[in-house]
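Everything below concerns the one structure shown next.
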Amino acid sequence: MDLRRPLLLFWCTLTVACLALLGREVLGQHVYTNTWAVLVPAGPQEAERMARKHGFRNLGPVIGDYYLFSHRAVAKRSLSPHRSWHTALKREPQVHWLEQQVAKRRTKRDVFLEPTDPKFPQQWYLSNGNRRDLNVEEAWQQGYTGRGIVVSILDDGIEKNHPDLEANYDPAASFDVNDQDSDPQPRYTQMNDNRHGTRCAGEVAAVANNGICGVGVAYNARIGGVRMLDGEVTDSVEARSLGLNPNHIHIYSASWGPEDDGKTVDGPARLAEEAFYRGVSQGRNGLGSIFVWASGNGGREHDSCNCDGYTNSIYTLSISSTTQYGNVPWYSEACSSTLATTYSSGSQNEKQIVTTDLRQKCTESHTGTSASAPLAAGIIALALEANKNLTWRDMQHLVVRTSKPAHLNTNDWATNGVGRKVSHSYGYGLLDAGAMVALAKNWTSVGPQRKCIIDILTEPKYVPSGEREGSGAEKPVFLVQPSVSVTGLHFQRLEPAWEAGLLEAWPTGVDLYTPFHFVP
Numbered sequence: 004m005d006l007r008r009p010l011l012l013f014w015c016t017l018t019v020a021c022l023a024l025l026g027r028e029v030l031g032q033h034v035y036t037n038t039w040a041v042l043v044p045a046g047p048q049e050a051e052r053m054a055r056k057h058g059f060r061n062l063g064p065v066i067g068d069y070y071l072f073s074h075r076a077v078a079k080r081s082l083s084p085h086r087s088w089h090t091a092l093k094r095e096p097q098v099h100w101l102e103q104q105v106a107k108r109r110t111k112r113d114v115f116l117e118p119t120d121p122k123f124p125q126q127w128y129l130s131n132g133n134r135r136d137l138n139v140e141e142a143w144q145q146g147y148t149g150r151g152i153v154v155s156i157l158d159d160g161i162e163k164n165h166p167d168l169e170a171n172y173d174p175a176a177s178f179d180v181n182d183q184d185s186d187p188q189p190r191y192t193q194m195n196d197n198r199h200g201t202r203c204a205g206e207v208a209a210v211a212n213n214g215i216c217g218v219g220v221a222y223n224a225r226i227g228g229v230r231m232l233d234g235e236v237t238d239s240v241e242a243r244s245l246g247l248n249p250n251h252i253h254i255y256s257a258s259w260g261p262e263d264d265g266k267t268v269d270g271p272a273r274l275a276e277e278a279f280y281r282g283v284s285q286g287r288n289g290l291g292s293i294f295v296w297a298s299g300n301g302g303r304e305h306d307s308c309n310c311d312g313y314t315n316s317i318y319t320l321s322i323s324s325t326t327q328y329g330n331v332p333w334y335s336e337a338c339s340s341t342l343a344t345t346y347s348s349g350s351q352n353e354k355q356i357v358t359t360d361l362r363q364k365c366t367e368s369h370t371g372t373s374a375s376a377p378l379a380a381g382i383i384a385l386a387l388e389a390n391k392n393l394t395w396r397d398m399q400h401l402v403v404r405t406s407k408p409a410h411l412n413t414n415d416w417a418t419n420g421v422g423r424k425v426s427h428s429y430g431y432g433l434l435d436a437g438a439m440v441a442l443a444k445n446w447t448s449v450g451p452q453r454k455c456i457i458d459i460l461t462e463p464k465y466v467p468s469g470e471r472e473g474s475g476a477e478k479p480v481f482l483v484q485p486s487v488s489v490t491g492l493h494f495q496r497l498e499p500a501w502e503a504g505l506l507e508a509w510p511t512g513v514d515l516y517t518p519f520h521f522v523p
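Under this note's numbering, think of the first position of the sequence shown as 4, with each following residue one higher.
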């Protein structure tokens, strides 16, 4: 009997099954892992007992009383949840909450273009003499270089032995969440897929005056990295990364998020949300961890960063990009959650970002909002060195008050209720390191966050397209009940109380109007 035909049929069937699994993941269906996040307030001993009782392995705490359990009898990837083990744990009175972890699609916010330009003289965005820069040299001249500040890059790892990073590398700000060890060294591939974190790290804290590559914005800061994108990204992976050593790390920089495809609405799940909240409420010994986030690269797909729950979180500083000539890059996303802007790549005739690269190399071609967020993290490190008592909310105020709209070209600049220029493309403008450091030195804290709820409408009201006189609206408009966070008499942020169905129904965006005529 010829065994080739049955064997060929078997491999074809297996291939189709694998492609079906991957295809469903791409189309948005859940892919379940063999891990569970479990809330056991009774403590680690009870969590360990619970895991062993049901044949689980306790992988340790994720954050607080949340633990991560795995089970060898469950497939590592499945299109359906495993209900029997889930139910067994759920029946335990000591288990207050549990969730089988789902593999989440997270993409690095990098734009891979061929280099168009040929290291401090080429770092035009730090200082170039014509004020079209981030004014970093002025902060250096005031004596601030990031000394005493710790920044961690949450990404695909960091080349800790890179000659332009090694002297500033901080193992206490580093971890490998993917492989569960303390070494964040990237996994090397032929395509250098895992260069992203090393590039971001160099922007923040590449060593100065060593004859190698360029210089980091905060070149005396300590730099660490969390390897968390080179593997299955789950809620627990994100939470562990966001909650790493919060009383040691001052600033977390992230240049990733849900897919920027113009149709994905996603954000932090329960554990990551808890990590954000604990970070701002308990991190830095109560002053609050500072989370810097890239706004996204979905401009070509008309993606909106408002639909990204990481960059639009009230706990993150959302950073967008502008080009060398002050134009909106083709990849940039416009949305109300953007707070400020730094430089990055643009068209083929515009320069890109100089930084460290994988395999102990240097590059002049780091791109996208991936490059913008670390520059902001470096500037924030300079401001923190100037005043280590700044809270996470103080930093938001400093960013808003010192960012400059000048030289940034867009037609959506508007003046808000307190007279500040604001844009959905650029937020409040280009970060100014010199101005931020100067204001930070004698800054008086704004105090804790306060929140009041103002009922505008008890029910959302649907307004069909074009009904608003003179609006020329092409999209439906929803009037909703907003939640307004205030300090004194000043609006700080408008948080519409969205119904989930509205976002799902209109993935290309909705317009929000309020009786305040508020420009967020």
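From the three backbone atoms N, C-alpha and C, an ideal C-beta is built for every residue, glycine too. Please read all numbers here as calculations on a predicted model, not as lab measurements.
{"Item": "Spatial distance of P44 from S177 (CA atoms)", "Value": "27 angstroms"}
{"Item": "Where the beta strand (DSSP E) containing L42 begins and where it ends", "Value": "Y35 to L42"}
{"Item": "Contact check, Q97 vs V357, beta carbons under 7 angstroms", "Value": "no"}
{"Item": "With 16 other Cβ atoms within 10 Å as the buried cut-off, status of E169", "Value": "exposed"}
{"Item": "Secondary structure, beta strand (DSSP E): runs of 3+ residues fully inside the stretch 217-250", "Value": "225-230"}
{"Item": "DSSP-derived helix/strand/coil call for K2", "Value": "Outside the displayed range of the chain (4 to 523) lies residue 2, so it cannot be described from this structure."}
{"Item": "Member of E51, D113 and P64 whose CA lies at the smallest distance from the CA of L92", "Value": "E51"}
{"Item": "N352 versus Q327 - alpha carbon distance", "Value": "9 angstroms"}
{"Item": "Of the residues N61, L82 and G67, the one placed nearest H527, counting alpha carbons only", "Value": "As displayed, the chain neither begins before 4 nor continues past 523, which places residue 527 out of reach and without an answer."}
{"Item": "CB contact flag (V440, A142, <7 angstroms)", "Value": "yes"}
{"Item": "Straight-line gap, A204 to L157 (C-alpha atoms, nearest Å)", "Value": "10 angstroms"}
{"Item": "Three-state class that DSSP yields for L342 in the structure shown", "Value": "coil"}
{"Item": "Contiguous beta strand (DSSP E) assignments of at least 3 residues, all confined to the stretch 284-310", "Value": "293-297"}
{"Item": "CA-to-CA distance, E388 to T198, given in whole angstroms", "Value": "For the record, residue 198 in the displayed sequence is Arg; it is not Thr. About 28 angstroms."}
{"Item": "Nearest residue (CA-CA) to T110, options G301, Q355, E206 and Q188", "Value": "G301"}
{"Item": "Beta-carbon contacts of G491 that lie in its chain and below 7 angstroms, excluding the five residues immediately before and after", "Value": "With a pLDDT of 39 at G491, under the threshold of 50, the modelled position of that residue is not reliable, and no figure is offered here."}
{"Item": "C-beta atoms of A297 and L274 nearer than 7 angstroms", "Value": "no"}
{"Item": "Through-space distance from S426 to N1, alpha-carbon basis", "Value": "There is simply no residue 1 to check, as the chain begins at 4 and stops at 523 in what is shown."}
{"Item": "Cβ neighbours of S81 in the same chain (closer than 6 angstroms, five flanking residues each side left out)", "Value": "Y35"}
{"Item": "Residues bridged to A417 (per DSSP)", "Value": "V425"}
{"Item": "Coarse secondary structure for W127, derived from DSSP in three states", "Value": "coil"}
{"Item": "Endpoints, beta strand (DSSP E) assigned at I382", "Value": "Taken as a continuous stretch (DSSP letters only), I382 belongs to no beta strand (DSSP E), being part of the alpha helix (DSSP H) at G371 to A389."}
{"Item": "For L442, the first and last residue of its enclosing alpha helix (DSSP H)", "Value": "A436 to K444"}
{"Item": "For V154, the residue or residues it bridges with in DSSP", "Value": "I226 and I254"}
{"Item": "Reference Y191; option with closest CA among G200, D184, Q183 and S185", "Value": "G200"}
{"Item": "For G132 and I66, the rounded distance between their alpha carbons", "Value": "47 angstroms"}
{"Item": "Distance between beta carbons of S239 and V229, contact taken as under 8 angstroms", "Value": "About 13 angstroms; that fails the 8 angstroms criterion."}
{"Item": "Inter-residue spacing [alpha-carbon to alpha-carbon] between I161 and F59", "Value": "32 angstroms"}
{"Item": "Through-space distance from T418 to A384, alpha-carbon basis", "Value": "29 angstroms"}
{"Item": "Cut-off 7 angstroms between Cβ atoms - residues of its own chain near T394, not counting five sequence neighbours on either side", "Value": "L290, G291 and S448"}
{"Item": "Contact belief for A375 with L247 at Cβ below 8 angstroms, rounded distance in angstroms", "Value": "Before going further, note that residue 375 is Ser rather than Ala in the sequence given. That pair is no contact at about 23 angstroms."}
{"Item": "Which of helix, strand or coil DSSP assigns to K364", "Value": "strand"}
{"Item": "Whole-angstrom distance between V139 and G437, CA atom to CA atom", "Value": "6 angstroms"}
{"Item": "Residues bridged to L401 (per DSSP)", "Value": "Paired residue(s): none; L401 is not in a bridge."}
{"Item": "Inter-stretch contact (C-beta, 8 angstroms, three-pair minimum) for the stretch 178-185 and the stretch 398-410", "Value": "no"}
{"Item": "For Q32 and T90, the rounded distance between their alpha carbons", "Value": "22 angstroms"}
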